[in-house]
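Peer 1: Okay, so the sequence shown: first residue is 1 according to full-length UniProt numbering, each after it adds one. We treat Cβ as the ideally placed atom computed from N, Cα and C, and that holds for glycine.
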Amino acid sequence: MPPAPSSRWLSDLLARVGKCIIFGCEPTQISRAAGVLRAVATEWRGLAAGSEGFLTGGRRGMEGQQVVWGEQDSFQHVNNANYIRYAESARVNWIMHFSAIDPAHRGEWRELMKPKATGLILKSITAEYKFPMTYPDRISVYHKLRSLPEASDTSLVLDCVILSHKHRRVAARTEEDIVIYDYKGAKKTTMPPFVLDVFRDTWRQQEEETRRARGRIWDLINEVETLEKETWNREDAVEDLGAAAGKS
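1. Would you call the region 73–89 and the region 144–162 in contact, with 3 or more CB pairs under 8 Å?
2. Compare the Cα-Cα distances from residue 271 to each of Gly185, Met62, Arg16 and report the closest residue.
3. Nearest to Asp73 by CA position, among Arg8, Val92, Tyr135, is which residue?
4. Count the other C-beta atoms from every protein chain shown that fall within 10 angstroms of the C-beta of Ile180, then say buried if there are 16 or more, exposed otherwise.
5. Return helix, strand or coil for Arg59, following the three-state DSSP convention.
6. Check the DSSP bridge columns for Gly119 and list the partner residues they point to.
7. Do Val224 and Val17 have their beta-carbon atoms positioned less than 8 Å apart in this structure?
8. Measuring CB to CB, does Glu176 end up less than 8 Å from Leu158?
9. What first and last residue would you give for the beta strand (DSSP E) that runs through Cys160?
10. Who does Asp137 pair with in a DSSP beta bridge?
11. For Trp218, which of Ile30, Cys25, Phe23, Ser51 has the nearest alpha-carbon?
12. How long is the line joining the alpha carbons of Val195 and Ile125, rounded to whole angstroms?
13. Identify, in the order they occur along the chain, each residue of the same chain with its Cβ nearer than 7 Å to the Cβ of His105, setting aside the five sequence neighbours on each side.
14. Give the C-beta separation of Met96 and Arg59 to the nearest angstrom, bearing in mind that I take them to be a contact with Cβ-Cβ under 8 Å.
15. Report the three-state DSSP secondary structure of Thr190 (helix, strand or coil).
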């Protein structure tokens with residue numbers, strides 16, 4: 001597994017590319033720098049979330065949800081209660097996604113969200129707020145399994161990340177403790193086999209996505225390091241001052 005990049009990898013990467021461009025680049029170097037910037041602009045959500053094992057795309061969680069003005073408090077920040085609502089809505093979407101990819105058990109997946117037979121009950125949720133979001137903004141919210149599910153499990157822990165599109169960074173994280181509950185027997189129970197199978201496959205996908213996203217991030221970082229060595233960080237480096245050079 002590639003090592004996790006710095007939590008500031010995205011902003012650092014943009015700053016480093018900018019320094020290379022300001023110093024002066026040849027046309028081929030400009031093209032490569034543009035490739036890095038284009039990758040960051042189009043892939044940042046998948047890379048930021050994927051590097052931690054969150055699966056993006058499709059019907060997973062919420063993507064591109066608009067932050068509305070009425071979600072702000074008197075300080076013109078998104079009220080903390082709304083982050084919990086974002087996480088809960090995304091968790092329902094995450095569960096419903098499995099009904100689409102496992103059509104043989106579509107009905108059973110949908111029943112998990114109802115108090116009828118076997119269901120998933122939120123036991124507790126804790127939130128860690130990274131910075132105050134404001135209107136206007138858009139968010140993407142994703143969930144992942146914290147550990148590989150076992151047949152004997154009567155609960156599971158989900159991690160959730162809320163990404164701000166405006167700032168391209170994590171706005172908040174939640175930890176959610178979910179109990180598997182038998183409503184008819186009024187007691188905790190183990191995961192139904194169809195849930196266990198899908199969750200185990202989801203864990204495998206999470207590991208693969210972590211590996212892919214981290215590898216991609218390190219490829220971009222290495223590309224920028226090469227650009228730095230070819231521009232401002234080479235021994236004979238002389239800054240291109242452009243038109244200002246002719247006035248000296």
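Peer 2: With the given structure in hand:
1. Yes, since at least three Cβ pairs between the region 73–89 and the region 144–162 fall closer than 8 Å, the two stretches touch.
2. Residue 271 is absent from the model: the chain starts at 1 and stops at 248.
3. Locating residue 73 in the sequence shown gives position 73, where the first residue counts as 1. Ranking the options by Cα distance to Asp73, first place goes to Tyr135.
4. Indexing the sequence shown from 1 puts residue 180 at position 180. So Ile180 ends up on the buried side.
5. Working through the sequence shown from its first residue, we reach residue 59 at position 59. Here Arg59 sits in coil by DSSP.
6. Sequence index remark: in the sequence shown, residue 119 carries index 119 (1-based). In the DSSP assignment, the residues bridged to Gly119 are Tyr181.
7. As a first step, residue 17 must be located in the sequence shown, where it is residue number 17. As a first step, residue 224 must be located in the sequence shown, where it is residue number 224. It is a contact, given that the beta carbons lie within the stated cut-off.
8. The count along the sequence shown starts at 1 and reaches residue 176 at position 176. The count along the sequence shown starts at 1 and reaches residue 158 at position 158. Going by C-beta atoms, Glu176 is nearer than 8 Å to Leu158.
9. Taking the first residue of the sequence shown as position 1, residue 160 is located at position 160. Residues 155–164.
10. Along the sequence shown, one-based indexing puts residue 137 at 137. DSSP output for Asp137 lists Val67 as bridge partner(s).
11. Here residue 218 is taken as the residue at index 218 of the sequence shown, counted from 1. It is Ser51.
12. Numbered from 1 along the sequence shown, position 195 holds the residue referred to as residue 195. Numbered from 1 along the sequence shown, position 125 holds the residue referred to as residue 125. In a straight line, the C-alpha of Val195 is about 22 Å away from that of Ile125.
13. Against the sequence shown, residue 105 aligns to sequence position 105. Within the same chain, His105 has close Cβ partners Phe194.
14. On the sequence shown, residue 96 is found 96 positions in, with the first residue counted as 1. On the sequence shown, residue 59 is found 59 positions in, with the first residue counted as 1. Indeed they touch by this definition, with Cβ atoms about 7 Å apart.
15. Here residue 190 refers to the residue found at position 190 of the sequence shown. If DSSP states are grouped into helix, strand and coil, Thr190 belongs with coil.
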